[in-house]
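As structure tokens, the structure follows; a few thoughts come after it.
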Amino acid sequence: MIQYSLQDPSNPESDLDIDSHTGAPLIDLENEGSEKGLVGNFLQYTSRQAGNFYEFKKGNQETYAGNRGEDLQDQDKFLAEPPFVPQGTVEDSLMEQYSNSRYFDNPATLEDDLPTKIINKVSGEVPIFAGLQGRNSNELLGGVKDNNDYLVGHTVRALKRNSRFNMDEVYPDPDLKIDENRFGFVKENLEFDSSLEALKNAGASQLLKASGYMKVIDPSNPNAVLIQELSILDENTGPENESKVNMPSNVEGLEVPKISAEALLGMNATGVPKDGEKSVRAGTGVEIPYEEGSSNSSSFGVIYNQAIKFEDITPTHKIKTALRMITLYTLIKSLYKEIIEELVKEDIEIIKDDLKKIAASPNTTNAGKLALGLCRKSKKFTANNYLFENFLTPTDFSYEECFNRGINVIFGKETDAPEKVSNNINSIYNSPGFWLAISNSAIKKTFRFKNAFENLDIASSGQGQKEAIRSIIKEFGNVAKIANIIAIIGEKSLHHTNGSTDVNDITKKVANVRDVDQLDNIPGNRVGKSRRKKDSDGAGEIGSETTLFWEQSAVPSAYLLPLNIVRAASDLNNTYSRVNPARGMLGSRMVRNTYTGLGTDGSGARIPNSVVKILEDRLDAEYVPFYIQDLRTNEIVSFHAFLTQLTDSIQPQFNQTQGYGRIDPVQTYQSTTRSIQVGFTLYSTNREDFDEMWYKINKFVTLMYPQWTQGSIVETGEADDKSLGFGFDQQFKGSRFVQPFTQTVGATPVVRLRVGDVIKSNYSRFALARTFGIGDQGVKANPMGKSTNLLSFGSDFMRTWRDIGLTAFGALVGSPQDLLNSAAGAAAGAVDNLLLKAGINAAADAGAALLAEILINGFASPLAVIETIRKLKDPNISDGAGRTSGISGITYVYINPNMIDGYQSEEGERFYTSKRVLGVVQKEAKDELGNKVIYKVKVFDPTNESINKKILLVRHEDIWNDPTETFSKSVLGIAYLVAGLDAVGLTDSLLGAVSKKGGLGAIATDLGAEVASLFLENPESAFMRPEVNPFTRAFHSTRGRGLAGVVKGVTFNWLEDFPWETDHNARAPIGCNITFSFDVIHDLPPGLDHTGYNRAPLYNVGEVMRNVAGDVYDDRFSRSERKFREGGKSVVTPGKVITKSGKK
Amino acid sequence: MNKNSFVDEIVVQKNIIVENLTEDEKKEVDIYLDEILKEMSDSIKFLEKLRLNDEKRKNIAGAFKSEIEEQKWLEKLSKTFYDRADIQDPTKTQKE
């Protein structure tokens, strides 16, 4: 409200009179309620243009002039709307009903949110739902008690669209309606879980509203339905006016109102003919004229009266509604398709012409953009978008899929599992008479649409057709009301089943890409999910469905429990009380991480190396392997922790010698030290996790202390009684024990630390072999002084052959610059004349420069690299002279992870993967548009049936080339194989494919390859076997993937935001920050070897470095990688079918 | 869409939702579907006509097209998009 004080109140015309331009009055107070006053109209215009939520009313009215300092007057003296709920009204009683005290007293109301409930019941503007201009709360929030949250999210959207469905509103002033969009978009993605039962009820409730029963407060109340229907009778209007029907004014609460008895007379029922020849009441004098073809010429009949209480219904009422909706939907869709296909033909011609114009234009700078923009001119684009913008609700899946699923959910018989279905017989879905009401509406809508549709057939003139189309669009709006409700319910259901359109999935909660807890309990999903999945626990899985899958003890560890400790507890009668480590470890969840056995009895007990390897392979499947291996016991303490610090400091030391004539000292290398700083936070997520964490912390602390010797044994007794041993000698009759504190420092705490692939050992048998000179010319390493190769033709012959082969290999694929260099060197060496020598060298330099122009990177041989580069190059990139790039032939490749778009299979399913997946390229294909070359890749993953053997459509950029595969399938690889005469390599190459596929077959294949290699391997390889070579054996005895070193100091921070456990003997923080420094002892001294190659790289990261540096375990086909792949298998999730034209 | 495929599409949906009904109920539904299809027979015939009669189809498509143009659907769409993105329509001058 804006106030303006007239200068002379007694003469309204004295101040603002007539506008000289329009001749209209500026104020116009003479006529009460007039909307002619231009000032008020202008204010309304400006408020509307500014996009104000509340507009000014038209016209001007005289009002009370409140002045500063005066007493406040009653609001009705002003022109403002009453801001408060008046006393004694329905709204008032509802406000009373939902007072706080009542709310808390009644447990049933606790299910709902109080404000929502009040909004739900109190009519009036609801500014908090901005954008729903003019919608009252009843329309916004259905009276559905089961699932209000769901309805807030989805009904808002549905009813927002509803405001446009009435084309009478849209057509006169469409711009105004479009302005609603400024407020109208509910962007929040409200996702709530709801059962199928709740969905059915929600859908049913909303259908009632969409059918025109908007004012019904509680659809589950048959009386309320009756009120509405009676009100239609009362107003005696035809179905075409149903949207004008309002709640009778005499309704109090939810009581059945008293209505005019006349309204109940049959003659006043909706659609009853009242006059004319066919009137059943002709001659009574109360008929209205009857005209054939008029809107009242036919009747849907009187469905309701006070005698009918909506009982005796059958399920077919519901089905009938569904059939009507399906038929209507199909009809509309078919019509639209016919029309739009016709327009597309025209569109294409227009676009082609425009493209030609663009191509012919001299300025083609933005031709691409212009061409792309042409589609926006198409009528199909416009019509599709306009209809979705103004009539149909947007859905996450294709509208049609949502509609079909919605029909199945709302009208189908499928229900949740019995335990989930509520026993509430008053649920809306089962409300007596409910479907009769809906069915009635569906019949009306069908008829109206049918009439409009057939008018289109009849219309012959252009204008008539246009009017018929307009009429169809209007009726379409009415049908869309219901169709949208169905589609929204269907959309929600499709979300439940991850888009699967299989109707059998309706009652299931299918694993959803977004429902991360449905992912399998495997290491690959450790950080991708939150809680365990109850139905896939394998052996060793602990906890319940609610246990966090990423708890700190989730990753496997191995702790030693020596038999001596078990015996000690037994000897001290501590089996059931007092100290007994076995009880603590084997009686708790730590049992799965405890290693004990007869082999652990006595000094120097260790977990066997084979067990360490198995555990390390499993740890390799973790997101980031982070563990410490105590080399004294081979125990592995692994952490699922939060890394906070990781720095690596490498400091070389040089001897500096100052020389005459030079300012800088001569630097002579002396040594290098490497130190690592690690910080991490441990956090236990439940009590058992807490208990294990503290064991782990204690174990960790032992890394700062030595291992002690057993100590000196003292004994008493007769010499004859003594037996030789100290173990199970029952003959000994005296007393024998260890003298206390005679233990001395035995073993230094040397450990191995593994952090991802960054902090790892640099040992490999290959690198060790290089320290033996294997590969150097003249080195002939024979195990035990002679060849052990059972099929050997004679190792000397083989070596000679290999040398010839390698010479050929070098010549073939080596850099041409190398040949030139050698030739120039030889030529220069052959002459004595220094000037001639200089000339030869200068010529060689010029030759090298010329050669560099034609070589890749100036030195690489095209022969050597071109084939590999072609394979790595996208086939869609033109090579100029025809396409030669891309992967060809049967080639193993890895498909890159893709959790966003996933990959489509040949059958149309979609798969998502967070790990690389192995597959074999079968052949090329074209993408959907027929433009790009893609590959058909058959997947091999026997650990996951859902994706195994599927043929996926993959783009070149989605493929990750395996260097092993690329090399071995190239001319280079074959030349290398032949040149080297590597028989074992040949078997590996042949068997590698099988091994890569994984599974038990792969393990058998590995074994076969190992046995085969015993017969076929070269003497150098046999020489390096640990059975033969003591150095290899020594390394193997203490090997592990971690980097060796000593922990030089640890700091625990117990008091940093960590809650404390307060149970008995557990008053300690549930987490801690740990930082420690680590001094590295490299297995092999890093640096360059005498030939200039990196002899023991520190960071074995990535596929290239894997081939360069190798693994600690000389694993032929890398079982750790297999574990890694198996550990990530279940993230491959089949998704929905994507059709060519369908929306995702 | 011809009549058969039209009916087939409806029947597929119908079969899903009547799956758990009794035989009697199913019969009732079938009778009702027949009624609806009879009721709709003119409309279905019209669809068939539209499919086969190129001229009629072109005329009606033309009428739809002119309705799109007259009612400025594309302009309204653009306005909506620009409003939603809260940016000035680049095709209009500042003065407008």
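From first to last, the protein sequence lines are chains A and B.
For the first sequence, position 29 matches number 10 in this note's numbering, and the numbering has no gaps at all.
For the second sequence, position 48 matches number 65 in this note's numbering, and the numbering has no gaps at all.
Cβ atoms here follow ideal geometry from the backbone N, Cα and C, with glycine treated the same way.
Rounded C-alpha distance that separates residue i from residue j
i	j	result
E26 (chain B)	P944 (chain A)	52 Å
V661 (chain A)	P562 (chain A)	Per the sequence shown, the amino acid found at residue 661 (chain A) is Phe instead of Val. F661 (chain A) and P562 (chain A): Cα-Cα distance of roughly 28 Å.
K1104 (chain A)	D826 (chain A)	52 Å
N385 (chain A)	F607 (chain A)	50 Å
D908 (chain A)	L934 (chain A)	8 Å
I928 (chain A)	G900 (chain A)	11 Å
L368 (chain A)	V846 (chain A)	56 Å
A1093 (chain A)	S1018 (chain A)	A small fix is needed here, since residue 1093 (chain A) is Val in this sequence, not Ala. Each residue's alpha carbon lies about 12 Å from the other.
R1087 (chain A)	V898 (chain A)	18 Å
W689 (chain A)	T614 (chain A)	12 Å
K1 (chain A)	L67 (chain B)	The sequence as given places Ser at residue 1 (chain A); Lys does not occur at that position. Taking the straight line from one Cα to the other gives about 57 Å.
N41 (chain A)	E86 (chain B)	39 Å
T649 (chain A)	Q639 (chain A)	11 Å
E84 (chain B)	K38 (chain A)	33 Å
P730 (chain A)	V1061 (chain A)	13 Å
L600 (chain A)	R559 (chain A)	35 Å
I466 (chain A)	H476 (chain A)	16 Å
8 Å contact criterion, which residue i and residue j should meet: CB distance rounded
i	j	result
T654 (chain A)	Q626 (chain A)	T654 (chain A) to Q626 (chain A), Cβ: 19 Å. No contact.
E370 (chain A)	T97 (chain B)	6 Å
T1043 (chain A)	V659 (chain A)	Actually they do not touch by this definition, with Cβ atoms about 30 Å apart.
Y916 (chain A)	E926 (chain A)	That belief does not hold up - the Cβ atoms of Y916 (chain A) and E926 (chain A) are roughly 23 Å apart, past 8 Å.
E887 (chain A)	I932 (chain A)	4 Å
F530 (chain A)	S551 (chain A)	Actually they do not touch by this definition, with Cβ atoms about 37 Å apart.
Q533 (chain A)	G1023 (chain A)	Going by Cβ atoms, the distance from Q533 (chain A) to G1023 (chain A) rounds to 19 Å, so no, they are not a contact pair.
F1126 (chain A)	G1026 (chain A)	Summary: the structure shown does not reach residue 1126 (chain A), with chain A confined to residues -18 through 1125, and so no result is reported for it.
Coil, strand or helix - residue i by DSSP
i	result
M880 (chain A)	strand
W689 (chain A)	strand
Q634 (chain A)	strand
A423 (chain A)	helix
K907 (chain A)	strand
Q885 (chain A)	strand
E1160 (chain A)	In the structure as shown, chain A starts at -18 and stops at 1125, and residue 1160 (chain A) therefore has no counterpart that could be examined.
D922 (chain A)	coil
K337 (chain A)	helix
F146 (chain A)	Note that F146 (chain A) scores a pLDDT of 30, beneath 50, so its modelled location is shaky and nothing firm can be said.
L1036 (chain A)	coil
T575 (chain A)	strand
T872 (chain A)	strand
V508 (chain A)	coil
Q720 (chain A)	coil
D629 (chain A)	strand
V560 (chain A)	coil
I755 (chain A)	coil
G1095 (chain A)	Residue identity check: residue 1095 (chain A) is Asp in the sequence provided, not Gly. Here D1095 (chain A) sits in coil by DSSP.
A728 (chain A)	strand
heavy atom of the ligand NAD below 8 Å from residue i C-beta
i	result
A340 (chain A)	With respect to small molecules bound, the structure shown includes none, and the ligand NAD cannot be examined in it.
- Residues of the segment 66 to 83 of chain B with a CB closer than 9 Å to any CB of chain A: list them in chain order, please. K66, L67, R68, D71, K73, R74, K75, N76, I77, A78, G79, A80, F81, K82, S83
- Mind listing which residues of the segment 458 to 473 of chain A have their C-beta closer than 7 Å to chain B's C-betas, in chain order? none
- Task: Check distances from the C-beta atoms of the segment 436 to 451 of chain A to those of chain B and list, in chain order, the residues that come in under 7 Å.
- Result: L437, D438, G443, Q446, K447, I450, R451
- Query: What residue ranges within the segment 522 to 553 of chain A form continuous alpha helix (DSSP H) runs of no fewer than 4 residues, ordered along the chain?
  - Reply: 544 to 552
- Query: Using a beta-carbon distance cut-off of less than 9 Å, what residues from the segment 1010 to 1036 of chain A approach chain B?
  - Reply: none
- Query: In the segment 634 to 684 of chain A, which residue ranges form an unbroken alpha helix (DSSP H) of at least 4 residues, counting only runs that do not cross its ends?
  - Reply: 668 to 682
- Message: Against chain B, which members of the segment 361 to 379 of chain A pass a CB distance test of less than 7 Å?
- Response: T363, A364, N366, Y367, E370
- Query: Along the segment 21 to 38 of chain B, what residues have a CB closer than 7 Å to any CB found in chain A?
  - Reply: F23, E26, I27, Q30, K31, I33, I34, V35, E36, N37, L38
- Message: For the segment 297 to 310 of chain A, list every residue whose C-beta sits within 7 Å of some C-beta in chain B, in sequence order.
- Response: T297, I300, K301, A303, L304, R305, I307, T308
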